[in-house]
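Structure record follows, encoded as structure tokens.
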Amino acid sequence: MARGEIVINENNCRGCGYCQAFCKRGCLVMSEDKFSPLGYILPILADSDKCNACGVCGQMCPHFAIEVCKFIEN
Amino acid sequence: MARGEIVINENNCRGCGYCQAFCKRGCLVMSEDKFSPLGYILPILADSDKCNACGVCGQMCPHFAIEVCKFIEN
Amino acid sequence: MAEKMFVQGNEAVGWGALYCGCDGFFGYPITPQNEVTQWFAHEFPKRGKVFLQSQSEVGSINMLFGGAAAGFRVMTSTSGPGWGLMQETISHLVAAELPCVIVLVQRGGPGAGSIRHAQMDYITATRGGGQGGYKNIVLAPGSVQEVHDLIQLGFHLADKYRNPLVILTDGILGQVSESVEVKTIDFGPLDKKPWALRGRERQEDGKSRIVNSAVGVLPLPPYPNYISWLKHIEEKYREMEGSELRYEIYQAEGADLILVAYGYTSRVSKEAVNMARAEGHKVGMIRPITLWPFPYSVIREKAMLGCKFLVVEDSLGLLIDDVKIGVEGRADVHLVGILDRHIPTDGGMIMPGRVFEEIKRLL
Amino acid sequence: MAEKMFVQGNEAVGWGALYCGCDGFFGYPITPQNEVTQWFAHEFPKRGKVFLQSQSEVGSINMLFGGAAAGFRVMTSTSGPGWGLMQETISHLVAAELPCVIVLVQRGGPGAGSIRHAQMDYITATRGGGQGGYKNIVLAPGSVQEVHDLIQLGFHLADKYRNPLVILTDGILGQVSESVEVKTIDFGPLDKKPWALRGRERQEDGKSRIVNSAVGVLPLPPYPNYISWLKHIEEKYREMEGSELRYEIYQAEGADLILVAYGYTSRVSKEAVNMARAEGHKVGMIRPITLWPFPYSVIREKAMLGCKFLVVEDSLGLLIDDVKIGVEGRADVHLVGILDRHIPTDGGMIMPGRVFEEIKRLL
Amino acid sequence: MEEKSNSRTDVIMAGLGGMGVLMAGQILAWAALKKYEHVSWLPSYGVEKRGGLCECIVIFSDQDIASPLIDRAQTVVVFDGSQLKTFEPRVLPGGMILVESSGLEDEQERRDYELVKIPGLEIAVSMGIRQISNLVLLGTYISIRGAMPSELIEGELKRRFGRKKAILECNQNAFRRGLELGRNTKK
Amino acid sequence: MEEKSNSRTDVIMAGLGGMGVLMAGQILAWAALKKYEHVSWLPSYGVEKRGGLCECIVIFSDQDIASPLIDRAQTVVVFDGSQLKTFEPRVLPGGMILVESSGLEDEQERRDYELVKIPGLEIAVSMGIRQISNLVLLGTYISIRGAMPSELIEGELKRRFGRKKAILECNQNAFRRGLELGRNTKK
Amino acid sequence: MNKKKVCGNPKIWKDPPGAAMYCPGCQHPVIDRIISEVLEEMDIDGKAICVVGVGCHAFVQISWNLDVLSSAHGRALDSGTAIKRLNPDAIVFTVQGDGDCIGIGAGAFIGAMIRGEKITTIMFNNTNYGTTGGQLAPTTLLGQKTATTPHGRDAALEGYPVHTAELAATFKGTAYSARGSVHTPADYQRTKRYIKTAFQKQIDGVGFSFVEVLSACPPNWHLSPVKCLKRIGEDIVSEFPLGEFKNEDSTERLSKSK
Amino acid sequence: MNKKKVCGNPKIWKDPPGAAMYCPGCQHPVIDRIISEVLEEMDIDGKAICVVGVGCHAFVQISWNLDVLSSAHGRALDSGTAIKRLNPDAIVFTVQGDGDCIGIGAGAFIGAMIRGEKITTIMFNNTNYGTTGGQLAPTTLLGQKTATTPHGRDAALEGYPVHTAELAATFKGTAYSARGSVHTPADYQRTKRYIKTAFQKQIDGVGFSFVEVLSACPPNWHLSPVKCLKRIGEDIVSEFPLGEFKNEDSTERLSKSK
Ligand SMILES: Cc1ncc(C[n+]2csc(CCOP(=O)(O)OP(=O)(O)O)c2C)c(N)n1
Ligand SMILES: Cc1ncc(C[n+]2csc(CCOP(=O)(O)OP(=O)(O)O)c2C)c(N)n1
Ligand code: SF4
Ligand code: SF4
Ligand code: SF4
Ligand code: SF4
């Protein structure tokens, strides 16, 4: 079950594919037909349930396009 | 007995004293009252007989003021 | 043997240089002249000529200092801050009387300014931006063909007078493509640079040479002292002024208003003159091709006939000072300058329509 | 509190700077300004101020770029080739609107030229020698006292207009000793440089700052684009021209011939004027104290009264162009220049007798 | 070389960086060289890597081209629908604007020129390659304005892409789709 | 400070580099400060380390000094006999040249000034220190021309060398020998 | 259930960011993120003054909520020197490209190291001149094709890639020198430690501190972004080894200094 | 009995020499003599082109019967680079002061070493700027008083003396680097061997070759000439050790180069 949430800012994303490359759990994959306003291919959340909110995708994204939140039970 | 000859070009000499410092045989010593045309103290040949024409004074003289010749018997 | 090509202004620099026997190019990347450097990187080494990317523009210009002293035809190109960095050594080149060609593809200033075109380096090109006051012949092409042609003339004049020479273009002339006839232009014979450094044993007279720029410190034959050498330099300037003036006159016969412009704005002005003539206005243009020496006399002559002047220059007003010196208070001199740019894309340019508007306002 | 001292022009630079709150000096050795650098090396550190010998003049001027951006009063001094090397960054300083003072002790050029005095950097000082066309206020002291005073005025005006400022002296003014009253001169209050970089948390408004010189690439608030910023720079120039003109008029009332000179040759000219007046000739002098802005209007006024002009300048003729622009063809303008030097010792200088001779020839 | 023609054509191609605007203009200019004595191509763009305004002006003529830089042209081709408003002032009265219909939201404001909307991107996407919408628009321009025989463009495509067959073909296809579209639109 | 005087004095001190010409001039200038409102000292020399021409101009006056640089002076002191010819043009008509007699070979060419020969070097050598001939000449100049009270120079010597007693003394002695010589020569 | 942000914009990052200036996959902003995190974690962002060079690395000036000076090309260390000397309490650091720092800037770089300026330099090494279109840099690998070496860098003509971090370590005035990269999350963390240590040296007044960071430049390498990372991990780190080359102990050093 | 000259003016020395420019005891001309002897013995003086920097070391231009270019201050290696590239048969060498070479000239120096220019540089190290009156140089010893460090060089303010020969050795483009001196006749001979080897590297095309030579500057050291030599033998060589720092074998290297 998802332990975190990933939000992609489509205005910032430039389709580099790093998020896909670095998400070891395969949560993010590059789409084939979803384009950003500037015309870049966007990643999609393929399997958000697997996300453990490690934050690596956000850190490695050069374009400050990913925000990662961790769910905290309280 | 002198095995060489030392000629000092008084126009070039600037009284640095290197020739005296480097002549291990004491052939050249700085005078106290002989001045070059530009007003520098000149070295004098104190004991030319000791000269073995090693050429060191000439080599170490920065002002190209010393010529050293070796006597060759033939 | 001429070859027809469709090339950018920046590439035409290369073709011109190649066809007049340039031996080496030394440059450092800077926008908007990168195509020049890249042209040489691609075309020179495979032809056995020297291309070298320097570590900075200070490096480039001092490489010219060495290459020119060794008797070779050498050149560089730069823009904006790179031009600023070269000033010390351009002055040394003048003092050591070393011929070479410096292409300046003008961008916006001051400072790092803008990486796009402008015409803001007029003063430093024509009056010397470095120490000690000096002159370079400055050639200002108005088309891609002329870029190609003037590079060749530039090398010839640099060699003839033993002086660096500046080719002053701009970011627009560098980017525009036009068709060009590429060929070697013959300007007549020159001496074989008997003063150049080749190593003593390769000198025809077997004598060694010195090249230096500090004649006031260590006198250089044949000049016994600083002042006699300065006199010689001054005489050379007078000779260049007397022999090397070049300009184009367009539709200026009987004109009430004369536009003065060089480089890309001369093209814009030509269009504006055509627009004005089409509506029956008596408007013409003087286009200096040599910016130094400057055609003061031509301007003065027209001013005496009582016409007005409109300078079209993509700057805050630099060329306009020379036009004013030419008219000596006899005529009004107006400016369409950088603040009159139209902004079709980033930064804008001076458009023919704006110039035509001003023409109508002034008539 | 004033103190009377007998000091060289080069040392007066230091005293002036010290008394007007200069925080740091950054310099590199070059003749004939070495006494300036050495003065700061001896006097600044012990007073808790910064003296730093840079690794080159490119270093010095970029140190000013940093120090000025951080809100400090900083300066350098140089000569000849060092001036050439600074040109790129002087242009950046103008573009980034950074106040600082650059002392240029002129020596002979072009190139390495001569290590002795001359007046050959007029154009690059007054019109900007670097890329992109710009202006600095240029102050030209005529005595050791004035060196001291104008350094202080220089810092004030630099800060007031956020622009680098050039103090133009020469090897003779640098070497001559005269007695000087050393004290702080009050020019009134200035703002506290709210634009300066201090680290965000030290800013009064807690907001971060950017200082850059590439407004056409990365727009800087409050200027939305390159052209609007250029307009601002241009307006600043107009304001300086309107408010900062300074000159001295000596015996010029009703004169038939007016000498124009600055720096050491203004002293020589004063002597020559005295010699001429002593023989009953109507001769006077205009001495521009600001070389930019230039007193064109003063020259023009005199020219309209019908007098002749004689420029006395230790160069091949640079200041003379400004005088010509001023007279607009209404009067003859003559030159006693570097080729008129008398040679008492190596290299020579322009002597009062030579100027007087020329005065007599022209009257 | 074919016989040189006797007229002058000018066109402004405009859009956002990264859309192939400059290349479309270059293909046109190189093709024109075969027929015209005087040809000019002048690009203009900003600092941004992608997404900034961008244009090129192409002129071909049998007479001297006074200025490669002109305020307004007979035809303006706008490669990004969202930029119609920006470039509307650049067409001559009586001229024509060809505009990419995708992204088009602006209304035509001036009434003194003809506006033609072209679904270039849609066609390109339908062909599987977004990046070739520029050739679709070029084709439409050629056939609607009859600026030059289409063979000249075909020749230029071959000269340019001849060695990379796949690329050549997809560019050719896009261009031909454009021509076709133009023929249908024209009437 | 003493009362300021009411006259102008100018002198050119000249010779070859390394002879203490500039320093003699400086001592004179600093001494003059005590009595004159306006004082200037202007050195001039060449590139060579030693042996090149060298001069300084010292002016003191109660009025503004228009130019610290002057063609000719009331007095010229030539510290090297061999340079008389070089500096002869620098004296005003009616003025005086004091010249070091050692090395003097040139004839006096102009007849409109007074020439005084001083064996400064000889005296200095006799005192055991060649380098102080400059102070001998300075002393002679002061006493012959009465340029200022000799106490002013003595005071300046103290200010300058006060901390190095031996140096002070030998400079004082040389200066006094010069004064004496001048007194004898004058009559 | 609440949410806690584990990764978002650094606090000192302005919104909207200037990231639009960068090409897809450019890693310069990743390094900017690390610097941001370090400044925040060390709580020195408020007194930091950054001097950026000229090049793509300089775009960060419009993103950071820090005082920033944009210097002349290659001269960031000259300008930074004056700032630090005049305002010793400030944390002064430079952000420079490889071309900016060891190409045109070598004179300023060497000068600052000889003088042992108490400044921190982060050099973004993308093995070419990014902004101007990917020309040869001093760091370009042998064989690498660039806009000005169309057949690849040839040692006989253009010499060998310069090892800046190793070079910096040879100067006595340098307190710290390291080379990191951001081609893997682990390297991201390691590089962050290097940069933190570098700033600590400045705070302790030990001397000049330097961190070189490898960065991908996809358009000029003519590779897709993901392939660029592969190239870094294989070819580039084998030419430019990662790690610390100098870590001078502060106390020991300060006592040696006079 | 005949006479044979064992020491006189080198053949390539013009008469009268420019030696009058030097201060008494300056050792620059002693190094010039060594270079003269090497060029003559290797028989390469006829094709030598020398580029001198700006400083006292440059006076030699009026003494040598060689083709000489007098460069801009610090830029001898830029100018030399172009000469060698355009005329590879020439023997190109630079004569530079320490200030000229590693002070203002550091950018050109580093650039030439990165590119591995086939040039020889002889750097005259007198630990100050001679011509301009003895100011601080990058090579000035700690504690040494100069015109701009009246209380002696302080590491905290002006950093540490730079070791140019060791620095040159770290560059892959450098084939040879050594430091000699001329404060004893033995060192004269050793330095001569270094300079000879350096020229040989150029002839063999191995890469950049560099020799630093210590030189006395009596007026600016405020010492008598003879005491200067003592200072070199004691203080200076203990800061700047003499010897060879790199001697790259040519054949091996050339095969590695591509
Ligand atoms: C004096 C000067 N020369 C050239 C330029 C042009 N220029 C701008 S950025 C740049 C290269 C920057 O490369 P690098 O420092 O490696 O940074 P990157 O863009 O790769 O981050 C150059 C040469 C300039 N701005 N100033
Ligand atoms: C651009 C520039 N800056 C400064 C100078 C002044 N200058 C002449 S020689 C010199 C120092 C030379 O010192 P060094 O290279 O160590 O040589 P040395 O005189 O000791 O042989 C300097 C700074 C100059 N000629 N050019
Ligand atoms: S890493 Fe960022 S920019 Fe790259 S594809 Fe993923 S979200 Fe987009
Ligand atoms: S070494 Fe030469 S200059 Fe020095 S004292 Fe001896 S002869 Fe004279
Ligand atoms: S050119 Fe390279 S360094 Fe510059 S933004 Fe693009 S990827 Fe980054
Ligand atoms: S100043 Fe020093 S380096 Fe220059 S000539 Fe004199 S002793 Fe030699």
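Chains as they are written, first to last, in the numbering used here: chain F, 99 to 172; chain S, 99 to 172; chain Z, 149 to 511; chain C, 149 to 511; chain D, 1400 to 1586; chain B, 1400 to 1586; chain R, 307 to 564; chain W, 307 to 564.
All C-beta atoms in this analysis are idealised placements derived from N, C-alpha and C, irrespective of residue type, glycine included.
Model, not experiment: these values are computed from the prediction.
For residue i, the three-state DSSP class (helix, strand or coil)
i: residue 372 (chain R); result: coil
i: residue 435 (chain C); result: strand
i: residue 157 (chain S); result: helix
i: residue 412 (chain Z); result: helix
i: residue 482 (chain R); result: strand
i: residue 364 (chain Z); result: coil
C-beta neighbour in chain C for residue i, strict 7 Å
i: residue 326 (chain W); result: no
i: residue 482 (chain W); result: no
i: residue 456 (chain Z); result: no
i: residue 1438 (chain B); result: yes
Chain Z contact for residue i (CB, 7 Å cutoff)
i: residue 279 (chain C); result: yes
i: residue 233 (chain C); result: yes
Neighbour-count burial assignment, residue i, 16 or more Cβ in a 10 Å radius
i: residue 433 (chain Z); result: buried
i: residue 521 (chain W); result: buried
i: residue 369 (chain R); result: buried
i: residue 211 (chain C); result: buried
i: residue 159 (chain Z); result: buried
i: residue 378 (chain C); result: buried
i: residue 1561 (chain D); result: exposed
Below-7 Å beta-carbon distance, residue i vs any chain W residue
i: residue 165 (chain S); result: yes
Bridge partner(s) assigned by DSSP for residue i
i: residue 398 (chain C); result: C:433
i: residue 1497 (chain D); result: D:1476 and D:1515
i: residue 1439 (chain B); result: C:326 and B:1458
i: residue 1407 (chain D); result: D:1460
Beta carbon proximity, residue i to chain D, threshold 7 Å
i: residue 509 (chain Z); result: no
Cutoff 7 Å: residue i Cβ touching any chain S Cβ
i: residue 312 (chain W); result: yes
Below-7 Å beta-carbon distance, residue i vs any chain F residue
i: residue 332 (chain R); result: yes
Minimum Cβ-Cβ distance from residue i to chain R less than 7 Å
i: residue 476 (chain W); result: yes
- Task: Give, in chain order, every unbroken run of the beta strand (DSSP E) that is at least 3 residues long and sits entirely within the stretch 230 to 280 of chain Z.
- Result: 248 to 254
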